[in-house]
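*Asks:*
2 protein chains.
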Amino acid sequence: MGITKTEHFSEQQNLIALMAKAMGHPARVAIIEYLLSVKTCICGDIVNELPLAQPTISQHLKELKNAGLIKGNIEGNAICYCVDEQAFAKLQEYFGSIAAKSIQQKNSCC
Amino acid sequence: MGITKTEHFSEQQNLIALMAKAMGHPARVAIIEYLLSVKTCICGDIVNELPLAQPTISQHLKELKNAGLIKGNIEGNAICYCVDEQAFAKLQEYFGSIAAKSIQQKNSCC
DNA sequence: AATCTTTATCGTAATATTGCGATATTAAAA
DNA sequence: TTTTAATATCGCAATATTACGATAAAGATT
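Sequence lines, in order, name chains A and B. Here the working numbering is used: the first residue of the first sequence is 39, the next is one more, and so on. Here the working numbering is used: the first residue of the second sequence is 39, the next is one more, and so on.
Quick look at the structure:
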C-alpha cells in the first residue's frame, strides 16, 4: 500500500515522526549543518556546497520547512533560511526522555 | 531516481539520518514508547497494542533494529526487544548540539 | 525594457516504503 | 510426534521519495 496510517497515532507521535523523517536523509542533515556553519543567512550557496542539483536542494529545503525545522525569509531575490532552535530543542527533549526511561528500566534480557 | 547518494556524505551524517529515518514513522515511535511502558520485555503483544498486522510490526521492528535503536534476544519461542539507550543518547546529544549552535548564532533575518 | 540571479515548480524516471495475506520457521506444549 | 504459539520472510499492490532537466517566477542590475 505505502500509505502511513497516521490517524491511528497520537498528535505527538506524528509530530516527532514528521520531524525525525525530515532529518532522515543525509542531504538534509548536511543542509542543517551547513546553515549552522555560515555566519550570514544568505544561503543560496548550499547548491555549491552539496553534490546535488538545485531543484533537489530546493525540494529538501521544502521538506525541512514543512517539518518546522527551518524558517525562511525572502531577502531581495535571495531567500534566507535559518534553523528553528525550538524544533531541535523539542527533538532533544524527546530523545532525552526516551534515553532516560530506558536507563531507568534496567532491562534484564538485553 | 529515488536512490539516496549516501556516498557523498559523512559517516556521522549517514548514521544520524539512518537513526532519524527509523524514527520517521509514527508506528515506530509508538513501538519505542510501548517498549518503554512495559515492565517485562516479552513484547509479542505489540501486535495487540497497535492497529497494524503482525508482518507489518515485524518489519518495523526490523528497521528499528537495523538502525541500532533496539536490541533483540531470543527467549524461548518469543523474542525480547529492548530499546538501546546509547542510540537515543546519541540522538539527544546531536539534536542538542544543533539547538545550542542555533541559539548561539543569533540569526538576524529569521 | 532587457538581462541576470536566485529560488520554486513541473514532469518524469528510478527506487524505496508501507501494509498485509500467505507461508515458513522454530521452539514450547500436549 | 502432532499441535500450538510466536516471529520472520515472501510476494505483491499502492503509494512515497529521490533526483534532476526544463521551465517559470520575481526581484535586482544594467
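Each residue gets a CB set at the ideal place from its N, CA and C atoms; glycine is no exception.
1. If you follow the alpha helix (DSSP H) that residue 113 (chain A) is part of, which residue opens it and which one closes it?
2. Roughly how many angstroms lie between the CA atoms of residue 151 (chain A) and residue 132 (chain B), to the nearest whole one?
3. Name the chain B residues that come within less than 9 Å of residue 46 (chain A), Cβ to Cβ?
4. Could you name the residues that DSSP lists as bridge partners for residue 81 (chain B)?
5. Would a C-beta distance cut-off of 8 Å place residue 105 (chain B) and residue 65 (chain B) closer than the cut-off?
6. Does the CB of residue 104 (chain A) have a neighbour CB from chain B at under 8 Å?
7. Report the rounded CA-to-CA distance for residue 85 (chain A) versus residue 109 (chain B), giving the unit in angstroms.
8. Quick check: is the beta carbon of residue 143 (chain A) nearer than 8 Å to any beta carbon in chain B?
9. Can you tell me the Cα-Cα spacing of residue 100 (chain A) and residue 78 (chain B), whole angstroms?
10. Which same chain residues end up closer than 7 Å to residue 72 (chain A) when comparing Cβ atoms and leaving out the 5 residues on each side of it in sequence?
11. Within this structure, are the beta carbons of residue 74 (chain B) and residue 48 (chain A) separated by less than 8 Å?
*Replies:* Reading off the structure:
1. On the first sequence, position 75 is the one that residue 113 (chain A) refers to. Run containing residue 113 (chain A): none in the alpha helix (DSSP H); it sits in the beta strand (DSSP E), 108-113.
2. Shown here, chain A extends from 39 to 148; a query on residue 151 (chain A) therefore has no answer.
3. In the first sequence, residue 46 (chain A) corresponds to position 8, counting from 1. What residue 46 (chain A) touches in chain B: 64, 65, 68, 88, 89 and 90.
4. Numbered from its first residue, the second sequence carries residue 81 (chain B) at position 43. Answer is none; residue 81 (chain B) lacks a bridge partner.
5. Walking along the second sequence from the start, residue 105 (chain B) turns up at place 67. Walking along the second sequence from the start, residue 65 (chain B) turns up at place 27. Against a cut-off of 8 Å, the Cβ pair of residue 65 (chain B) and residue 105 (chain B) comes out as no contact.
6. Here residue 104 (chain A) corresponds to residue number 66 of the first sequence, with the count starting at 1. No, its Cβ sits nowhere closer than 8 Å to a Cβ of chain B.
7. Walking along the first sequence from the start, residue 85 (chain A) turns up at place 47. Walking along the second sequence from the start, residue 109 (chain B) turns up at place 71. Their backbone Cα atoms lie some 39 Å apart in a straight line.
8. By 1-based counting over the first sequence, the position of residue 143 (chain A) is 105. Yes, its Cβ sits closer than 8 Å to a Cβ of chain B.
9. Indexing the first sequence from 1 puts residue 100 (chain A) at position 62. Indexing the second sequence from 1 puts residue 78 (chain B) at position 40. Approximately 42 Å between the Cα atoms of the pair.
10. Taking the first residue of the first sequence as 1, we reach residue 72 (chain A) at position 34. If we look at residue 72 (chain A) and ignore the five residues flanking it on each side, its Cβ neighbours are 84 and 87.
11. Position 36 of the second sequence, counted from the first residue, corresponds to residue 74 (chain B). Position 10 of the first sequence, counted from the first residue, corresponds to residue 48 (chain A). Against a cut-off of 8 Å, the Cβ pair of residue 48 (chain A) and residue 74 (chain B) comes out as no contact.
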